[in-house]
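Top to bottom, those sequences are chains S and G. Residue 2 in this note's numbering sits at position 2 of the first sequence; the count goes up by one each step and never skips. Quick note, this note's numbering runs 159 ahead of the 1-based positions in the second sequence. The beta carbon of each residue, even a glycine, is placed where N, CA and C say it ideally should be. Since the structure is predicted, the reported quantities are computational estimates derived from the model, not experimental observations. Working notes, structure below.
Number of protein chains: 2
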Amino acid sequence: MGKLTEPLGDIGDDECGLPCALQAMGERWSFMILRASFNGLKHFEEMQSNLGIARNILANRLGRLVESEILERQPCADDRRKIEYKLTKKGEALLPAMIALRQWGEQWGIGVPSNPVLCDERDRQPVQAIRVHAHDGRPLDWHDLLWVDQSEVVAEAAE
Amino acid sequence: MGKLTEPLGDIGDDECGLPCALQAMGERWSFMILRASFNGLKHFEEMQSNLGIARNILANRLGRLVESEILERQPCADDRRKIEYKLTKKGEALLPAMIALRQWGEQWGIGVPSNPVLCDERDRQPVQAIRVHAHDGRPLDWHDLLWVDQSEVVAEAAE
DNA sequence: CGCTTTAAGTTGCGAATCACTACCTAATCG
DNA sequence: CGATTAGGTAGTGATTCGCAACTTAAAGCG
């Protein structure tokens, strides 16, 4: 069979970032734990009671997220019983993916934008829907996308 | 509500779109199958050999994606043995979330942009990194975000 | 100090899910 | 007709999930 253009890369190999991302985030609770982190939850008990996740699964996922350097694990200074889990830069970088998923769930699952609404703190206006944008800012859909070999991209860019 | 196929358990509150999205996409293979669909794979055997997924799991996930109206299942016109699985609008709407995850994997997992590169077909330039944008287009980070009650948002928007 | 509480896990166990192989069914080809 | 192909289902073990109970270690307190 002929090689068709593959908008998301090859399966199973390491050329695509998606399997790599799923390695860290592909499990059921990972996104919910990450959302809790984005919402400011820092401690084990806090997350456990908030998410209703089993304790061993939470421990396991937190360990994996720390191992993936998405969360950072550090004992609390004031109360050394407590452990603080905080987002790393790598973890923060998952925000667009999270928001995109959330917006999709709002639009196609729930049907209406959920409350409360995610806003820019500067003017308290809702954020834009997350989209794929061309380098010049045009919003793109699936059918506008194309896979280009890196060498050709560089050549194009240098013109 | 009866027990429809809900192997994901109850993941959380309904005021957030993320649990809702995870209900449909929270399993490990779902994203890979969806990527295959975006890549133009339409048939069972095609996906099975390409993904290397167990046949029963693939059948199960395809069924669930169809049930979630992310994929559409229709018999092929020319060869009635074949079934075509194609993306619905709802499925296509997952593209930004997928690209965002992929880009994250590229940047933080692999370390370098993978080859080939996802480009705009108009000018063959790489697409922008997916980000959260304010309504006026400013790119936003985690710390720029704020949860605002819907009523307040409307009030602000009307000013 | 000794007792209690709290935070963050770990362990055991039954249920559910995963993945691998083999088998089945219906339509099409020759 | 028999052979082939697409799209599954069935059986089987390994793994993971989730609940509850237990452990450890650090505070809090009289």
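- Spatial neighbours of L304 (chain G) in its own chain (CB-CB distance under 8 Å, excluding positions within 5 residues in sequence) are listed in chain order as V291.
- Chain G has a Cβ within less than 8 Å of the Cβ of V148 (chain S).
- When only Cα atoms are considered, D120 (chain S) and G91 (chain S) end up about 20 Å apart.
- Counting only runs of 4+ residues, the alpha helix (DSSP H) found wholly inside the segment 24 to 101 of chain S occupies 30 to 38, 44 to 51, 55 to 67, 89 to 92, in chain order.
- Shown in chain order are the members of the segment 114 to 136 of chain S whose Cβ falls below 9 Å from a Cβ of chain G: S114, N115, P116, V117, L118, C119, D120, E121, R122, D123, R124, Q125, P126, V127, Q128, A129, I130, R131, V132, H133, A134, H135, D136.
- Residues of the segment 253 to 272 of chain G with a C-beta less than 8 Å from any C-beta of chain S: L253, L254, P255, A256, M257, I258, A259, L260, R261, Q262, W263, G264, E265, Q266, W267, G268, I269, P272, listed in chain order.
- Chain S places a beta carbon closer than 8 Å to that of C175 (chain G), counting this residue as a contact.
- The three-state reading of DSSP puts H302 (chain G) in helix, counting H, G and I together.
- R232 (chain G) counts as exposed, since fewer than 16 other C-beta atoms from the protein chains shown sit within 10 angstroms of its C-beta.
- Contact annotation for K249 (chain G) against chain S: W108 [CB-CB distance below 7 Å, chain order].
- Cβ-Cβ separation between L62 (chain S) and Q48 (chain S): approximately 10 Å, too far for a contact (criterion under 8 Å).
- Close to chain S, meaning a Cβ-Cβ distance shorter than 8 Å, are the following residues of the segment 175 to 192 of chain G: C175, G176, L177, P178, C179, A180, L181, Q182, A183, M184, G185, E186, R187, F190, M191.
- For a Cβ distance threshold of 7 Å, nothing in chain S lies close to V225 (chain G): the least Cβ distance comes to about 15 Å.
- DSSP places D120 (chain S) inside the beta strand (DSSP E), whose first and last residues are 117 to 120.
- Contact between the segment 77 to 92 of chain S and the segment 101 to 114 of chain S is not established, with fewer than three Cβ pairs separated by less than 8 Å.
- Non-local beta-carbon contacts of K82 (chain S) in its own chain, meaning distances under 8 Å to residues more than five positions away in sequence, involve H43, P75, C76 in chain order.
- Distance from the Cα of P126 (chain S) is smallest, within the candidate group G:E226, G:D295, G:Q287, for G:D295.
- In this structure, W301 (chain G) keeps its C-beta atom at 8 Å or more from the C-beta atom of L65 (chain S).
- Taking a C-beta distance under 8 Å as the contact criterion, G176 (chain G) and R28 (chain S) do not qualify as a contact pair.
- Annotated as distal: A134 (chain S) and A259 (chain G), with beta-carbon spacing of 8 Å or more.
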